[in-house]
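Residue numbers (the numbering used here), protein chains in the order written: chain S, 903 to 1066; chain E, 416 to 964.
A virtual CB, placed ideally from N, CA and C, is assigned to each residue, including glycine.
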Amino acid sequence: MAEQTLVDDIAIISKRWKNKEGSLIMALHDLQSRFGYIPRDAALELARQMEIPLARIYEVITFYHLFKLEPPGKHVVSVCMGTACYMKGGEKLLEKAKETLGIEPGETTPDGEFHLQVARCLGCCGLAPVVTINEELLAKVRAEDLENHLSACKGKEEGKGDAS
Amino acid sequence: MTRLTPNDLSALRDQLRAAEAKTFVSVGMSTCGIAAGATPVFKTLQELVAARNLPGVVVRQVGCAGMCSREPLVEVRVPGQPSVMYGNVNPELAEKIIESHLSGGVPVEECRIPSLEEMAVFPGDPEPDSVNRPLQTRIVMRNCGLINPDSMEEYIARDGYQALAKVVSGMSQDDVVSELEKSGLRGRGGAGFPTFMKWKFTKASKGDTHYIICNGDEGDPGAYMDRGILEADPHSVLEGLIIGGYVIGAEKGIFYIRAEYPLAVERIEKAIKQARAAGLLGKNILGTEFSFDCEVRLGAGAFVCGEETALIASVEGRRGTPRSRPPYPSQKGLWDKPTMINNVETLANVAQIILRGGDWFAKVGEGKSKGTKVFAVTGKVKYAGLMEIPMGTKLRDIVMKDGGGTSTGKPLKAIQTGGPAGGLIPESLLDTPVTYENLQQLGSMMGSGGMIVMDETDDAVELARFYLGFCVDESCGKCAPCRLGGRQMLTLLNKIADGKGTKADLEEVKKLARAMRTASLCGLGQAAPNPVMSALRYFEDEFTKRLVG
Ligand SMILES: Cc1cc2nc3c(=O)[nH]c(=O)nc-3n(C[C@H](O)[C@H](O)[C@H](O)COP(=O)(O)O)c2cc1C
């Protein structure tokens, strides 16, 4: 039996979506914005309350890039690798982010501060290259500025939701 | 707001228009604007206007005007005077604008840029002489940057929901279809299928329930016109959706929007609530028998979900894998019911076509490509942004005139249109007028309207590799030609790009391309070889010079 708070959290999500046809993806978005990722016990509880087989839930989670199975770290850093950003130095930014944080895309720093990921176009191509840190979108970023942006985050409480 | 009838709507419009005789200081506050620093500019303007006690001056937020590289944008509109646009505004410049322009009546020249009226012709404007004609014609983007997207009243003041009122109070479903037929409107989501046919077929499909879906997935990396429209003028898309629902006999509509666009989602959700409260959505719309409602569903990061059958699977809460067609969604779509799927930009055209007539719309454009297309012009271009261009405009004019040429000052090499399904068009062919057919003939396609500008330092092989890598990552894996063919082709292309490929490898790439094109299940795999093949068509030497042996 899952913990009561978890049961209650999921009940809110389940109540919102259970009677709407085909709303599993919406429920998973709610769940991820509550926990920052999709913990296994939360997926189990969602399966129980929404009466959806667990396998169906995992089948969906693993198909879509945005759903995470691991806790993402306090600050989610997304380097945009859409075409415009790619052409205007997105790769250099990614290199810089990897070097500064010491991790590869998809990984979280050992202290749990940063999660690095690659975004497939954030639709801000006019301001390329762009990076988001949590919900904040940084425009026309230069590699030398990225380090400052990252160190400015350290210690700040934030995270969970992210825009990619 | 109380529930409106068609007469109320017109009265409200006139009343709102009369109240508009104020000086507006508008700040572009869409995703791009906010990222570029519009929030502190907005605050500064608000504070200064309050502190200086400037009567009749209203500071407000508006959506994106499309001049993305010059954000933050501030527009000053004094009644009876031409509007003035300012670009790259920061709080200091904002203060100057208040001091000099609003208090002293002298515009601030140092950050002045062409105004929207100098850049574009708007529906209903007198046709300008051909010599001084602005390059853009704004039908879809007519309100972008001019209204506050969170205000339904501002949309109504600019003829918002008049087309819906016209439809529900006197047009039959066939009338609407025939107006669309006259207009020549074709789908803006990629394939360019005639919109009237899709509406006609779906309407004719038998079934107790029909659905309409607005495709706001916009997965093409490098295109963001749908985000721009949804964020700047959500009601115009909603109005198109409601009219579509009326025509096909749907009671329910869905906005499928990618989760990467939180502000677009927020604004469309707000628009839905406002429309519902005003009786423009829900039961007995505008006091008639017609009832229709809609909701928003989010994507979760999968490019293939823009493909219509995959999109349906995703709306049903499943993995977004496509299936073979027929049956087409118009016959068997969401929950196996007849379903009409239209792109955001397609729907945003509908209200103007109804209001001004299909013939009016068909006057813009060339050949079988009528009306305008919004392009997201980015890459190595001086003024990156959204540009709504009449079909038939020369590609070169788009890049050189509104785009201002290359950002680097180096010679232009090529442009890439159509995103991962499109291809390169070399500089020598840029005098081609832009139409669906012309782009296809050049080996590219219209696609969603991304236009990436390359200067001579950019490498055709690298860009081909980038797009193919994208398609390989985004392949859903359902069919072998796409899943295996794409990966094999990428391996070979990597080998060639790294200077280790042979002539035989290049031949193998071409063979794989043919197989993928003919045997893939959906458009993703069928079109994935396009960027590579078009790079080969125009820049083969960049491949061959890397070959060994
Ligand atoms: C791989 C793939 C991705 C697509 N992505 C989109 C998209 O993001 N937005 C869109 O409107 N259409 C997209 N389409 C086209 C849709 O399948 C469909 O044709 C379109 O939404 C129909 O609307 P329209 O007739 O108004 O253009 C995509 C097609 C394919 C094959």
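query	result
Element boundaries [beta strand (DSSP E), containing S:HIS1017]	1016-1021
Beta-carbon neighbours of S:HIS967, restricted to chain E and to distances below 8 Å	ALA715, GLY716 and ALA717
The stretch 845-857 of chain E touching the stretch 892-902 of chain E, judged by at least three CB pairs closer than 8 Å	no
Below-8 Å beta-carbon distance, E:GLU957 vs any chain S residue	no
Helix, strand or coil at S:GLU1038 according to DSSP, with G and I counted as helix	strand
Cβ contact (3+ pairs, closer than 8 Å) linking the stretch 655-673 of chain E and the stretch 607-622 of chain E	yes
Element boundaries [beta strand (DSSP E), containing E:PRO946]	Taken as a continuous stretch (DSSP letters only), E:PRO946 belongs to no beta strand (DSSP E), being part of the alpha helix (DSSP H) at 945-959.
Enclosing alpha helix (DSSP H) for E:CYS897 [first to last residue]	895-912
Listed by chain order, chain E residues near S:HIS931 by CB distance under 9 Å	ALA674, LEU713 and ALA715
E:LYS910 Cβ short of 7 Å to ligand 1 heavy atom set	no
Contacting residues, own chain, Cβ-Cβ under 7 Å from E:PRO826 (five flanking each side not counted)	ASP870 and GLU871
Terminal residues of the alpha helix (DSSP H) in which E:GLY655 lies	649-663
Cβ contact (3+ pairs, closer than 8 Å) linking the stretch 909-922 of chain S and the stretch 689-697 of chain E	no
Own chain partners of E:SER425 with C-beta closer than 6 Å, once the 5 adjacent residues on each side are dropped	none
Between the CA atoms of E:ASP873 and S:GLY991 - distance to the nearest angstrom	12 Å
Neighbour flag for S:MET1067 against chain E, beta carbons, 8 Å	Residue 1067 of chain S is absent from the model: chain S starts at 903 and stops at 1066.
Neighbouring residues, chain C, relative to E:PRO487 (Cβ below 9 Å)	You won't find chain C in this structure, because its protein chains are S and E.
Coil, strand or helix - S:VAL1032 by DSSP	coil
Proximity below 8 Å, CB of E:ILE911 to CB of E:VAL868	no
Run of the beta strand (DSSP E) containing E:MET755, from where it starts to where it stops	754-758
E:ILE512 vs E:VAL523 beta-carbon contact at 8 Å	yes
Per-residue contacts from S:LEU1040 into chain E (C-beta, under 9 Å)	ALA450
Alpha helix (DSSP H) runs wholly inside the stretch 579-626 of chain E, at least 4 long, in chain order	588-598 and 610-619
Chain-order list of residues whose beta-carbon lies under 8 Å from that of E:LEU460 (same chain, five-residue window excluded)	VAL440, VAL442, VAL474, VAL489, ALA509, ILE512 and ILE513
Proximal residues to E:ASP846 (C-beta, below 7 Å), its chain only, five neighbours per side dropped	LYS809 and ARG811
Identity of the residues DSSP links to E:VAL730 by a beta bridge	Beta-bridge pairing links E:VAL730 to no other residue.
Near ligand 1: E:ASP888 beta-carbon under 7 Å from a heavy atom	no
E:GLY865 and E:ALA763 closer than 8 Å at C-beta	no
Inter-residue Cα distance where the pair is E:GLU675 and S:HIS967	11 Å
Partners in chain E for S:THR1011, counting only beta-carbon separations shorter than 7 Å	Ordered by position in chain E, no residue passes the 7 Å Cβ test against S:THR1011, which lies about 22 Å from the chain.
Helix, strand or coil at E:ARG811 [DSSP, three-state]	helix
Residues of its chain near E:GLU539, where Cβ-Cβ distance is below 7 Å and the 5 sequence neighbours each way are ignored	According to the sequence shown, residue 539 of chain E is Gly rather than Glu. Nothing listed; no residue qualifies.
Beta-carbon proximity of E:LEU653 to E:ILE768, cut-off 8 Å	no
E:GLY938 beta carbon near ligand 1 (any heavy atom closer than 7 Å)	yes
Listed by chain order, chain E residues near S:MET952 by CB distance under 7 Å	The contacting residues do not exist; S:MET952 stays about 10 Å from chain E at best.
Interface partners of S:SER925 on chain E, CB under 7 Å	GLY732
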